[in-house]
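Notes follow once the structure below has been shown.
Residue numbers (full-length UniProt numbering): 1 to 228.
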């Protein structure tokens, strides 16, 4: 997972521990909002800026963009969570527009979540892959019009065809990485798989996870959750 993307999840976890209900956006086409947070009936648009020690600083234009996104999404407040430098005029604009500025040290944030790249325990993934093995020879459906034929599942990969009959193969290692993500952060959206793992098979992978007992999938947006 990219470092800036991890910072967004860390920011969301910080707010959750502060009593907010949070939703981390997919990371692609997010329109300038990284996290939505809600508390006491008030909804906030949140940006997370991880600049650290680099020369880039937060500018007033970023504040104005966040202010615009806040109103576009009908939020009642805005926050900017950051760990680097910020221009003086950006602070002035934030104060004028009512944007909360929250500085969080990266080291402190790292204590909030497990390692992004931490491996899922072998026994957990072995159980999941055994469940995926049971799909061999089956037709699995995401919707009445979207389905896949699982041709073969080996220890190293899964081979399938889509409804057009085209054959594809996905590695067990990709499933392991996605499983680690789910078990570390609690869920993953289908669109996040495309952005974070560069896979074009996110719809198939989501369908596979929906068909095994260890996971469940909810729609709008399609999200994979562990069943622990």
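No residue lacks a Cβ here, since even glycine has one placed at the ideal position from N, Cα and C.
Computed from a predicted model, the values in this text were never measured in an experiment.
Considering only C-alpha positions, which residue in the set 181, 160 and 220 is nearest to residue 133?
It is 160.
Report yes if the C-beta distance between residue 20 and residue 8 is below 9 Å; otherwise report no.
Not a contact, by the Cβ cut-off of 9 Å.
Would you decide whether residue 179 is buried or exposed? Buried here means 16 or more other CB atoms lie within 10 Å of its CB.
Buried, since its Cβ has 16 or more Cβ neighbours within 10 Å.
Measure how close the beta-carbons of residue 32 and residue 47 come, nearest whole angstrom, since I'm counting them as under 8 Å.
Indeed they touch by this definition, with Cβ atoms about 7 Å apart.
Using the beta-carbon count (16 or more within 10 Å), is residue 117 buried or exposed?
Bear in mind that the predicted position of residue 117 carries a pLDDT of just 46, short of 50, making it too unreliable to give a figure here.
Should the region 136-154 be called in touch with the region 185-198, which here means at least 3 C-beta pairs below 8 Å?
At 8 Å Cβ cutoff, the stretches do not touch.
Please name the residue or residues paired with residue 157 in a DSSP beta bridge.
Answer by DSSP bridge pairing, in chain order: 171.
According to DSSP, is residue 92 part of a helix, a strand, or is it coil?
If DSSP states are grouped into helix, strand and coil, residue 92 belongs with the helices.
Alpha carbon to alpha carbon, what distance is there between residue 174 and residue 120?
So the alpha carbons of these two residues sit roughly 12 Å apart.
Could you spell out the range, first to last residue, of the alpha helix (DSSP H) harbouring residue 190?
That run of the alpha helix (DSSP H) goes 190-197.
Report the residue from 64, 143 and 127 whose alpha carbon sits nearest the alpha carbon of residue 228.
Comparing Cα-Cα distances from residue 228 to each of 64, 143 and 127, the minimum goes to 127.
Helix or strand or just coil, what does DSSP make of residue 12?
Residue 12 falls in the helix class under three-state DSSP.
List the whole-angstrom C-beta distance separating residue 11 from residue 99, where the pair is believed to meet the contact cut-off of C-beta under 8 Å.
Actually they are not in contact, since the Cβ atoms of residue 11 and residue 99 sit about 14 Å apart, beyond 8 Å.
Mind pulling the beta strand (DSSP E) runs of 3 or more residues that sit fully within the region 25-71?
Runs of the beta strand (DSSP E) inside the region 25-71: 35-39 and 42-49.
How many whole angstroms separate the CB atoms of residue 63 and residue 97, which I take to be in contact at a CB cut-off of 8 Å?
Contact flag correct, Cβ pair sits at about 6 Å.
Tell me the DSSP secondary structure of residue 117 in three-state form.
Here residue 117 scores only 46 on pLDDT, less than 50, and its place in the model is too uncertain to base an answer on.
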